[in-house]
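**Student:**
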Amino acid sequence: MQKIMAALLLATALSACRPAQAALIMGSEAFSLTGVTNNYVPAGANLLNITSFNSFTLKTSSGNWTNALVSDPLGSTHSLGVSALNIGTLNTFSFGDSVFGTFQANAAQQASSTNLGQLSRTFFFLGTFTPGTAFVDMSSQPFMPSPASFTLTFNQSGGATSEISGSATLNAPPNVTNFATPEPTTMAMFGSMCVPLALGWYRRRSSVVSI
Numbered sequence: 000m001q002k003i004m005a006a007l008l009l010a011t012a013l014s015a016c017r018p019a020q021a022a023l024i025m026g027s028e029a030f031s032l033t034g035v036t037n038n039y040v041p042a043g044a045n046l047l048n049i050t051s052f053n054s055f056t057l058k059t060s061s062g063n064w065t066n067a068l069v070s071d072p073l074g075s076t077h078s079l080g081v082s083a084l085n086i087g088t089l090n091t092f093s094f095g096d097s098v099f100g101t102f103q104a105n106a107a108q109q110a111s112s113t114n115l116g117q118l119s120r121t122f123f124f125l126g127t128f129t130p131g132t133a134f135v136d137m138s139s140q141p142f143m144p145s146p147a148s149f150t151l152t153f154n155q156s157g158g159a160t161s162e163i164s165g166s167a168t169l170n171a172p173p174n175v176t177n178f179a180t181p182e183p184t185t186m187a188m189f190g191s192m193c194v195p196l197a198l199g200w201y202r203r204r205s206s207v208v209s210i
């Protein structure tokens, strides 16, 4: 009995001394946009011709995080403040705050369409999401910066002078299916982001099975 207790105490001590492994977050978050027409679109503007979205507000709508414990205020709508998007510098787009976290893009594509008078313009971003204080992993540890994608869509129904609405989604790991015919540099960047994803998974798995 004493040997068993000694073994248990040794295992507990070794577990306590083992450094915690930061995890890569996995899941998605949907966003709504406010201030679309009034703040950043001139009256009568055609969505397909806009070159700078100067001021809009992202608000969390619904999240689905598979390996994260999410605290308030993300249980309800959370405003991430004012964001801006310039067509000439898409690769440097970023948004976020200390509670939700921050997304920093390093590759981007865009697509537009017209269907029965409805204009649509979508921007696809690859980058890194650094989770904020609202997220901790299942072992109550903070997350490390994680590869992610961000899809931002604007719609203008009823023609080129109508009101514009918007929505967005963040995915981690990245949803690369949105990238039509990725350029070699984009694929190389995505490959480099997958390396820490695999290493993080391997290290966490190793820490679980070893004593």
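Quick note: the sequence shown uses numbering that gives the first Met the number 0, first residue 0, plus one each step. All residues carry an ideal CB built from backbone N, CA and C; glycine is no exception. Quick caveat, the model's predicted, so the values are computed rather than measured.
1) From what residue to what residue does the beta strand (DSSP E) around Pro173 run?
2) Three-state secondary structure (DSSP) at Thr65?
3) Could you spell out where the beta strand (DSSP E) holding Ser119 opens and where it closes?
4) Which residue wins for smallest C-alpha separation from Thr33, given the options Ile49, Asn114, Asn53 and Asn170?
5) Starting from Leu32, follow the beta strand (DSSP E) in both directions and report where the run begins and ends.
6) Should Ile86 go down as buried or exposed, given a rule of 16 or more other Cβ atoms within 10 Å for buried?
7) So, is Gln109 buried or exposed, given that buried needs 16 or more other C-beta atoms within 10 angstroms?
8) Could you compute how far the alpha carbon of Pro130 sits from the alpha carbon of Ala104?
9) Quick check on Ile163: does DSSP put it in helix, strand or coil?
10) Would you call the CB atoms of Phe102 and Gly126 closer than 8 Å?
11) Do three or more CB pairs link the stretch 133-150 to the stretch 59-72 at distances below 8 Å?
12) Which residue comes first and which comes last in the beta strand (DSSP E) that contains Gly80?
13) Could you say which of Thr150, Ser164 and Arg120 lies nearest to Phe55 if we only look at CA atoms?
14) Going along the chain, which residues of its own chain have a beta-carbon closer than 8 Å to the beta-carbon of Thr88, five neighbours each way excluded?
15) In the structure shown, what three-state DSSP assignment does Asn154 receive?
16) Please report how far the alpha carbon of Gly80 lies from the alpha carbon of Ala107, in whole angstroms.
17) How close, in whole Å, do the beta carbons of Lys58 and Ser78 come, if the pair is a contact with beta carbons under 8 Å?
18) Quick check: the Cα distance between Ala151 and Asn48, rounded to an integer number of angstroms?
19) Which residues does DSSP list as the beta-bridge partners of Thr88?
20) I think Ala213 touches Ser61, with their Cβ atoms under 8 Å apart; what is that distance to the nearest whole Å?
**Tutor:** Reading from the atomic positions:
1) First-last for Pro173: undefined, no H or E at that position.
2) Coil.
3) Gln117 to Pro130
4) Asn53
5) Gly26 to Thr33
6) Around the Cβ of Ile86, a 10 Å sphere holds fewer than 16 other Cβ atoms; the residue is exposed.
7) The Cβ neighbour count for Gln109, taken over all protein chains shown within 10 Å, is under 16; the residue is labelled exposed.
8) Put simply, the backbone Cα of Pro130 is about 14 Å away from that of Ala104.
9) strand
10) yes
11) yes
12) Ser78 to Asn85 is the extent of the beta strand (DSSP E) around Gly80.
13) Of the candidates Thr150, Ser164 and Arg120, the one whose C-alpha sits nearest the C-alpha of Phe55 is Ser164.
14) none
15) strand
16) 22 Å
17) 5 Å
18) Reading the sequence as shown, one finds Leu at residue 151 and not Ala. Between Leu151 and Asn48, the C-alpha separation is close to 16 Å.
19) For Thr88, which the question treats as bridged, DSSP gives no partner whatsoever.
20) No information on residue 213 is available, as it lies outside the stretch 0 to 210 that the chain covers here.
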